[in-house]
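Undergrad: I have a structure I would like to understand better, so I am pasting it below and will then ask my questions one at a time.
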Amino acid sequence: MCCDCRVVNEWGRRLAQIVFVYLLGVVLLVLDGPSLIELAAVKGPFWVRYVVLAGLCLLQLAKHKAPAIALAAGVPLLAIDIAMGLTLAIALAFGDLIYLAVLYGSRRSSQTVVIILWCYLGAVIVVTIVFADSFRLALLIIISACSLPAMPVWWALNVRQQREIAEAERARADQLARIAELDRDAAVAAERAGMARDLHDVIAGHLSAIAIQSEALLTMREHDPQRTRTVLRSMRENSLASLAEMRAMIGLLRSTDGQDAFTSPARLAEFERLVRSANAAGLTVTVEVDGIDDLPAAVDLTAYRIVQESLTNAVKHAPGAVVLLRINRSSETLVVEVTSDKPAGPLNPAGAGLLGMAERVDAVHGTLSAGPVEGGWRVRAEFPVEEA
602 MCCDCRVVNE
612 WGRRLAQIVF
622 VYLLGVVLLV
632 LDGPSLIELA
642 AVKGPFWVRY
652 VVLAGLCLLQ
662 LAKHKAPAIA
672 LAAGVPLLAI
682 DIAMGLTLAI
692 ALAFGDLIYL
702 AVLYGSRRSS
712 QTVVIILWCY
722 LGAVIVVTIV
732 FADSFRLALL
742 IIISACSLPA
752 MPVWWALNVR
762 QQREIAEAER
772 ARADQLARIA
782 ELDRDAAVAA
792 ERAGMARDLH
802 DVIAGHLSAI
812 AIQSEALLTM
822 REHDPQRTRT
832 VLRSMRENSL
842 ASLAEMRAMI
852 GLLRSTDGQD
862 AFTSPARLAE
872 FERLVRSANA
882 AGLTVTVEVD
892 GIDDLPAAVD
902 LTAYRIVQES
912 LTNAVKHAPG
922 AVVLLRINRS
932 SETLVVEVTS
942 DKPAGPLNPA
952 GAGLLGMAER
962 VDAVHGTLSA
972 GPVEGGWRVR
982 AEFPVEEA
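Going by the numbering used here, the sequence shown runs without a break in its numbering and finishes at 989.
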């Protein structure tokens with residue numbers, strides 16, 4: 602349905618409601634007799650009341666755009682009917698304008714109508730008590746004069762309060778949905794960052810070693826069976842390790858609750874495999890290791906990744922270098938240091954490798970430093986063993 606058709610249907614529905622209200626008011630005027638208040642200040646033809654009723658009904662068309670103005674415009678029409686003797690139909694029609702002004706008006710206009718009502722009620726009560734001949738007559742006048750304007754205001758305030766509560770709950774639900782969406786996006790982004798880091802640290806390192814080792818075999822001028830077998834054996838270990846890591850990651854991604862995932866994270870005690878691979882790729886690695894048993898799992902895995910990434914960077918950016926791998930553990934600190942005697946060439950300090958190492962070390966509350974030292978390059982990581 603087009604927008605114009607909806608507007609036409611809405612106006613048609615409003616006009617139908619107004620016609621129904623007007624006909625109901627005409628019936629009440631016929632059945633009600635002359636008036637609710639017999640003492641009329643002005644004598645006029647009875648048809649004036651139908652005109653007044655029609656005007657009050659037409660003012661209801663402005664209930665959404667200007668309900669307060671419609672209420673103010675209805676006050677002179679009510680005054681005309683009061684002067685001729687107030688009728689039930691006119692009182693109910695004006696009460697409907699009060700209801701619409703409180704319900705659909707702005708908060709300020711709604712509060713203004715409520716304040717005026719309280720002033721009216723107070724004035725009626727005081728005047729009635731002062732000038733009434735008896736308590737019974739005063740009570741009857743108070744109930745008659747106060748109930749008609751008070752009921753629509755009370756009803757409109759209740760409906761408005763419920764509507765505001767519903768809008769607040771709807772806004773709160775939208776905010777919670779938005780927060781949940783942002784949390785999901787953040788979780789997905791963190792998971793993707795972790796996967797990218799793992800792919801770079803694990804699989805990229807193995808593949809880089811395989812590529813460098815295969816290139817070394819292709820460029821060998823003299824055939825050395827023993828060295829060839831050593832390089833091929835290291836290439837096979839790297840390829841198998843890459844396949845194992847890839848299968849573990851695929852299994853983790855396919856699992857829905859994590860129970861079907863199978864992973865076997867490498868530990869620092871397996872550093873000799875990394876050393877063999879680096880030696881096969883052309884490095885000369887010297888090892889000084891002390892106290893790597895019974896490390897916390899997070900520190901153990903992070904330290905292994907630091908050694909792996911450092912040796913991989915040395916293979917790629919400082920081929921043929923002499924590398925010193927030093928791992929020392931005290932009562933509270935584990936220190937991993939990888940130093941090469943050649944500069945790291947065109948290594949990007951903001952590259953994925955250094956960023957990944959920094960993120961891993963920071964996750965276990967450690968510190969990482971990487972940079973040139975005395976013509977070479979050093980990566981040093983310290984881990985608080987007890988805190989981790």
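Just so it is clear, CB atoms sit at the ideal spot from N, CA and C, and this is done for glycine as well.
Quick test of the definition: if touching needs 3 or more C-beta pairs under 8 Å, does the segment 778 to 786 touch the segment 879 to 899?
TA: No contact exists between the segment 778 to 786 and the segment 879 to 899.
Undergrad: Distance, Cα to Cα, Val754 vs Tyr700?
TA: Here residue 754 refers to the residue found at position 153 when the sequence shown is read from its first residue. Here residue 700 refers to the residue found at position 99 when the sequence shown is read from its first residue. The alpha-carbon atoms of Val754 and Tyr700 are separated by roughly 6 Å.
Undergrad: Helix or strand or just coil, what does DSSP make of Glu960?
TA: One-based indexing of the sequence shown puts residue 960 at position 359. In the structure shown, Glu960 sits in a helix (DSSP, three-state: H, G or I).
Undergrad: Restricting to Cα atoms, I'd like to know which of Lys666, Lys664, Gly675 and His665 is closest to Ala655.
TA: Walking along the sequence shown from the start, residue 655 turns up at place 54. Nearest of Lys666, Lys664, Gly675 and His665 to Ala655, Cα basis: Gly675.
Undergrad: Can you give the Cα-Cα distance for His966 and Pro985, rounded to whole angstroms?
TA: Locating residue 966 in the sequence shown gives position 365, where the first residue counts as 1. Locating residue 985 in the sequence shown gives position 384, where the first residue counts as 1. Each residue's alpha carbon lies about 7 Å from the other.
Undergrad: Tell me the start and end of each unbroken alpha helix (DSSP H) in the segment 683 to 756 that is at least 4 residues and wholly inside, in chain order.
TA: If we require 4 residues or more, the alpha helix (DSSP H) runs fully inside the segment 683 to 756 come out as 689 to 705 and 708 to 732.
Undergrad: Going by DSSP, name the residue or residues bridged to Arg930.
TA: Counted from its first residue, the sequence shown places residue 930 at position 329. DSSP lists Leu935 as partners of Arg930.
Undergrad: So the candidates are Gly921, Ala810, Ala663 and Met847; which of them puts its Cα closest to the Cα of Lys943?
TA: As a first step, residue 943 is located in the sequence shown; it is residue number 342 there, counting from the start. For Lys943, the nearest C-alpha among the options comes from Gly921.
Undergrad: Distance, Cα to Cα, Leu741 vs Ala774?
TA: On the sequence shown, residue 741 is found 140 positions in, with the first residue counted as 1. On the sequence shown, residue 774 is found 173 positions in, with the first residue counted as 1. C-alpha separation (whole angstroms): 49 Å.
Undergrad: Within the same chain, show all residues whose beta-carbon is closer than 7 Å to that of Tyr705, passing over the 5 residues directly before and after it, in chain order.
TA: The sequence position of residue 705 within the sequence shown is 104, counting from 1. Taken in chain order, the residues that qualify are Lys664, His665 and Pro668.
Undergrad: Okay, do the segment 646 to 660 and the segment 677 to 690 touch, 3+ Cβ pairs below 8 Å being the bar?
TA: Touching, yes, given that three or more Cβ pairs across the two stretches are closer than 8 Å.
Undergrad: Looking at Gly977 and Thr940, is the spacing between their C-beta atoms short of 8 Å?
TA: Reading the sequence shown from its first residue, position 339 is the one you call residue 940. Reading the sequence shown from its first residue, position 376 is the one you call residue 977. Yes, the pair counts as a contact, with Cβ atoms nearer than the cut-off.
Undergrad: Along the chain, where does the beta strand (DSSP E) that runs through Phe984 open and close?
TA: Residue 984 sits at position 383 when you count from the first residue of the sequence shown. Unbroken beta strand (DSSP E) run through Phe984: Gly977 to Pro985.
Undergrad: With distances taken between CB atoms, is the gap from Arg993 to Glu938 smaller than 8 Å?
TA: The first residue shown for the chain is 602 and the last is 989, placing residue 993 beyond what the model contains.
Undergrad: From Gly892, Ala842 and Leu758, pick the residue whose C-alpha is nearest to that of Ser932; which is it?
TA: Counting from one through the sequence shown, the residue named residue 932 turns up at place 331. For the residues Gly892, Ala842 and Leu758, the minimum Cα distance to Ser932 belongs to Gly892.
Undergrad: Between Arg906 and Arg961, how many whole angstroms is the CB-CB distance? I'm expecting something under 8 Å.
TA: Taking the first residue of the sequence shown as position 1, residue 906 is located at position 305. Taking the first residue of the sequence shown as position 1, residue 961 is located at position 360. Right, their Cβ atoms sit about 6 Å apart.
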